[in-house]
Amino acid sequence: MKNTKTTNQERGKKARKSGGHFERRVRGFLEDNGWIVTKWQNQVDLDADKMVAAPHKFNFFTKSITPGQGFPDFVCFDKAKGGRNVIGVESKSAKYLDKDEKAKCKWYLEHNIFDKIIIMYKDRQGHIAEYEFKEDV
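Each residue of the sequence shown is one higher than the one before, starting from 131 at the first, in the working numbering.
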């Protein structure tokens with residue numbers, strides 16, 4: 131019988147790999163559809179009611195530092211409108227945002243950081259699907 135810790139480690143490793151792969155697919159999809167895409171490296175501190183730089187993460191095992199993992203994943207500028215249409219894009223394998231993520235999306239929209247926020251997710255066939263975050267949801 132396999133050790134539960136090992137099994138959970140393997141599941142976590144597989145989930146991170148799958149999430150990273152989906153995020154790269156989303157980025158390619160956006161670029162193919164005329165967006166200029168860059169990684170977003172900020173977070174919202176809801177307690178302080180301000181935007182802050184996402185902290186870097188140190189991986190003890192690989193002895194490497196990963197740049198801040200911001201929310202949402204990407205900031206995109208519309209080429210057709212000369213970069214004046216700015217959206218935030220979050221890629222989610224499971225489609226739904228948690229309570230904290232919804233609060234951050236609402237904050238970004240209230241403070242006019244993004245024109246809109248799009249959630250890109252995998253549909254049942256594994257294709258990229260999307261919906262726009264609405265503040266009243």
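From the three backbone atoms N, C-alpha and C, an ideal C-beta is built for every residue, glycine too.
{"Check": "Paired residues, beta bridge with residue 206 - DSSP", "Outcome": "167, 217"}
{"Check": "Reference residue 235, options 172, 212, 144, 254, closest by Cα", "Outcome": "172"}
{"Check": "Nonlocal neighbours in the same chain, by C-beta distance under 6 Å from residue 278, ignoring five residues either side", "Outcome": "Residue 278 lies beyond the residue range present for the chain, which begins at 131 and ends at 267; the question has no answer from this structure."}
{"Check": "Coil, strand or helix - residue 238 by DSSP", "Outcome": "helix"}
{"Check": "For residue 152, three-class secondary structure by DSSP", "Outcome": "helix"}
{"Check": "Under 7 Å between C-beta atoms of residue 204 and residue 167", "Outcome": "yes"}
{"Check": "Among 230, 223, 185, 241, the one whose alpha carbon lies nearest that of residue 147", "Outcome": "223"}
{"Check": "Proximity to residue 265 [Cα-Cα], best of 179, 227, 252", "Outcome": "227"}
{"Check": "Inter-stretch contact (C-beta, 8 Å, three-pair minimum) for the region 151-158 and the region 183-202", "Outcome": "no"}
{"Check": "Those residues which DSSP pairs with residue 123 across a bridge", "Outcome": "Residue numbering for the chain in the displayed model covers 131 to 267; residue 123 lies beyond these limits and cannot be assessed."}
{"Check": "Backbone secondary structure at residue 144 - three-state DSSP", "Outcome": "helix"}
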